[in-house]
Every structure is written in C-alpha cells, then in structure tokens.
Amino acid sequence: AQDVRIGLTEVRLILRQNESTTANELARLLTERQRANVPASDLSAHAWKTLAIARMRDMDHDTVIAYADIAAAEAQALQPPDQQVLVDSLVLGAMARLSRSGPEKTQETIDEAIQRLDRVIALYPPQRDIDSFDPLLAKALVWRASVQAMVGTEKDPIDVLSLIRMSDDGRPSNCPDIAALLQRTPLEYPDNALRTGRVGAVLFGLDWKGTAVDRVVILAEPAGTGFGAATETTLRSWTLSQPVPEACGKDFVSFVSFTQE
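All residue numbers for the sequence shown refer to my numbering, where the first residue is 7 and numbers rise by one.
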C-alpha cells in the first residue's frame, strides 16, 4: 500500500500538480519507507530521483545532493542495477555540487562531483557516431571538462580528451590523426559570458570534407552561456593541413574550453 502511494505521489510530482506540497509528501513517504528498512526497489530509486529533479528546479542544492545520492545508492543496490536511474542520479548529484556558490563550493565538493561524473562516463560504451551520441553522456562530458576549465589543470590534471571514446567499427584502420592536422582559429568569447566571468566547455562533433568542415554538431554546452553558438561559428573556419579520406573525416568529436586567465 505504501509503494502504491509513493507511485501515485510521484506521478503527481512529475505532472507538477501542487508541486511544493506534493514534493513534501513524497519526501515524507520515502523517508518513512527508508526508516522502516524496506529494501530498495525500482519504484523507490526512481521516486528519489524524481524528488531530486523537483528540488533542482527550486535551486535547493543541498537537498538535491541528499536525494540524488540516495537514488544512486538504491539504483546501484538493485539486482541488476538500474543503470538509467543510476546515471541520472549521479549527474544530478554532480550538477548540484557544482552549482553551489561561495564558501559552499569547496575543493571537497568539487572532487565529489568529479568522482560522480567519472563514474557516469565509465558506464557508457564507445559511441558509434555523432548522430547517435548519448545526450546524457554528452552532458556529463561537458560538465567534466567544465570542471577542469573552472579549477585549472594543476588541480585537475586529467586529459579530458581521453574521456571521449568513439567506436572504431566501420572506420579504416589507417586513418590519420585528425587532431594533429587541425588548424584552429581562436574562439570568440561571448560578451555576456565574458562580463559575468563564466567559464566552461563545449562538446562538439565535426564531419570533414577534404580540408574543410562539412558539418558541425554541438553535442552539449553549459546552459545560458552562448558558448555553443560561439563555438559553432569558430569551428566553421577551422581547416586541416591536408585532406583526409571521406571515411576518415566522419564523426570527429572533441572539446573546446572557455577560460579566463
């Protein structure tokens, strides 16, 4: 009976019916369930995640962190684990930690966010191509690269490019290293982001034709920064120092970072 009430209350919260009251009711039901030591279930893990999403809309970062961490732990405890809830909850927990400001954003908080994003990224197989690139993985990669842009490589020395894994299926084995052939033009920092001190990264995909960019796909960007549009404009002027075979010029994926020295 309790799980039925949790399920119905979660549906009402997803539909945003009396959102604040419904969120409080769902939190009460889930907390009662937890205190009674009822084992985790698909229902409870998903409901904790839904609750975390609702609190994220309220910018209640501490509560989001608590609920997302419970959702992730419950999703991991299931047999088999619920990978979708696990991934969603880890990303939520990382985003909430990185969204803190002032003295609440400590190095410990940042390290916890990095750990969660690295877990998410490791759960995904190599991606087949730009068009089928998983959007949640793309978001996790952008947050991960944005952390490095924020704290610098001295505190976060990982090669973030190594986190991007693309499948070699159907790709010729003798393709040149496109990254080594790139002739880049400087990024144009969006005025608003420059004024407000925003930093971050953009994950993009390119198809090449000869030495020129044939197609640009912005896979993920920080919301509200203008970094994606600025990146797309810049990428269209990039060239290669030598042409590459058509089969080798597909699905090149990389980052650009916007940092302020």
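Think of the CB as a built atom: it goes at the ideal place given N, C-alpha and C, for glycine as much as any other residue.
Check	Outcome
Between the C-alpha atoms of residue 187 and residue 160, what's the straight-line distance to the nearest angstrom?	27 Å
Distance check for residue 11 and residue 125, CA to CA, integer angstroms please.	32 Å
Say whether the stretch 113 to 122 touches the stretch 85 to 94, bearing in mind that this needs 3 or more beta-carbon pairs closer than 8 Å, one atom from each stretch.	no
Taking the alpha-carbon positions, what's the residue 100 to residue 123 distance?	7 Å
Check whether the stretch 221 to 235 and the stretch 159 to 178 touch, using three or more Cβ-Cβ pairs below 8 Å as the test.	no
So does the stretch 172 to 191 actually touch the stretch 146 to 155, counting three or more Cβ pairs closer than 8 Å?	no
Measure the CB-CB distance between residue 210 and residue 236 and report whether it falls below 9 Å.	no
Taking the alpha helix (DSSP H) that residue 233 belongs to, which residues open and close that run?	233 to 241
Distance check for residue 178 and residue 108, CA to CA, integer angstroms please.	49 Å
Write down every uninterrupted run of the alpha helix (DSSP H) in the stretch 47 to 128 whose length is 4 residues or greater and which is fully enclosed by it, in chain order.	48 to 63, 67 to 83, 89 to 105
By DSSP, does residue 37 sit in helix, in strand, or in coil?	helix
Do residue 136 and residue 219 have their beta-carbon atoms positioned less than 9 Å apart in this structure?	no
Could you work out which residue in 199, 37, 190, 183 is closest to residue 255 when comparing CA atoms only?	183
Alpha carbon to alpha carbon, how far is residue 193 from residue 240?	6 Å
Look at the alpha carbon of residue 48 and the alpha carbon of residue 9, and state the distance between them as a whole number of angstroms.	11 Å
On the DSSP bridge list, what partners appear for residue 294?	The shown model of the chain, from 7 to 267, leaves out residue 294, and the question about it has no answer.
Return the chain-ordered list of same chain residues with a C-beta closer than 7 Å to the C-beta of residue 284, the five sequence neighbours on each side being excluded.	It is not possible to answer for residue 284, since the shown part of the chain is limited to 7 through 267.
In terms of alpha-carbon separation, which member of 180, 42, 18 lies closest to residue 250?	180
Considering residue 249, what are the terminal residues of the beta strand (DSSP E) in which it resides?	245 to 250
Within 10 Å of its beta-carbon, does residue 262 have 16 or more other beta-carbons around it, so buried, or fewer, so exposed?	buried
Within a Cβ cutoff of 7 Å, which residues of the same chain sit near residue 196, ignoring the five residues on either side of it in sequence?	231, 232, 233, 236
Report yes if the CB atom of residue 31 is closer than 9 Å to the CB atom of residue 15, and no otherwise.	yes
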